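Peer 1: I'd like to ask some things about the structure below.
Residue numbers (our numbering): 290 to 423.
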């Protein structure tokens, strides 16, 4: 597994995860995964510059019980190669609320409905500069 993995943390309902980073010049996509483990991901947040048949699209999904669930796609894409971004993710029992650098928002269901997640994985062609939970 490549990228940055954070385990045994405590990201609870009502808290906000703030992540800053810069997509590499040759980036095709990157992802932020939040869940209990690599086998149970509640939120797979995947900005795609040009990957998997998508161009400048954000795909969100969950990986549960060994299967990917139904994908959600966002119309906003405030990411640019070699430019810093900030993402804020807050969650409730019902949903993840993602606020992007341009102020646009994504609402994605908290499919497992957990009140706490302990696993994060930042992967792909991106340099993560900061991770903070408040």
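Beta carbons are placed, not taken as given, at the ideal position from N, Cα and C, and that holds for glycine.
In this text the structure is predicted, and so the values were computed from the model without any measurement.
For my contact list, residue 300 and residue 387 are in at a C-beta cut-off of 8 Å; report their separation, rounded to the angstrom.
Peer 2: Position 11 of the chain shown, counting from 1, holds the residue named residue 300. Position 98 of the chain shown, counting from 1, holds the residue named residue 387. Contact doesn't hold; Cβ gap of about 14 Å is too wide.
Peer 1: Let me confirm a value: residue 370 is counted as buried when at least 16 other C-beta atoms fall within 10 Å, else exposed. Which label applies?
Peer 2: As a position in the chain shown, residue 370 is number 81, starting the count at 1. The residue in question, residue 370, is exposed, as its Cβ has fewer than 16 Cβ neighbours within 10 Å.
Peer 1: Are the region 371-386 and the region 352-362 touching by the rule of at least three beta carbon pairs closer than 8 Å?
Peer 2: No: fewer than three Cβ pairs fall under 8 Å.
Peer 1: I need the DSSP call for residue 358, collapsed to helix, strand or coil.
Peer 2: Reading the chain shown from its first residue, position 69 is the one you call residue 358. Three-state DSSP puts residue 358 in coil, outside helix and strand.
Peer 1: Taking the beta carbon of residue 345 as the centre, do at least 16 other beta carbons fall within 10 Å, making it buried, or is it exposed?
Peer 2: Translated into the one-based positions of the chain shown, residue 345 becomes position 56. Exposed, because fewer than 16 other Cβ atoms sit within 10 Å of the Cβ of residue 345.
Peer 1: Is there contact here, the region 313-330 with the region 346-353, by at least three beta-carbon pairs under 8 Å?
Peer 2: Counting Cβ pairs under 8 Å, three or more are found: they touch.
Peer 1: What residues match up with residue 373 in a beta bridge as DSSP calls it?
Peer 2: On the chain shown, residue 373 is found 84 positions in, with the first residue counted as 1. None; residue 373 has no bridge partner.
Peer 1: Put residue 302 into one of helix, strand or coil per three-state DSSP.
Peer 2: Within the chain shown, residue 302 is the residue found at index 13, counting from 1. Coil, per DSSP.
Peer 1: Count the other CB atoms within 10 Å of the CB of residue 392; is the residue buried (16 or more) or exposed (fewer)?
Peer 2: Position 103 of the chain shown holds residue 392. Per the 10 Å Cβ criterion, exposed.
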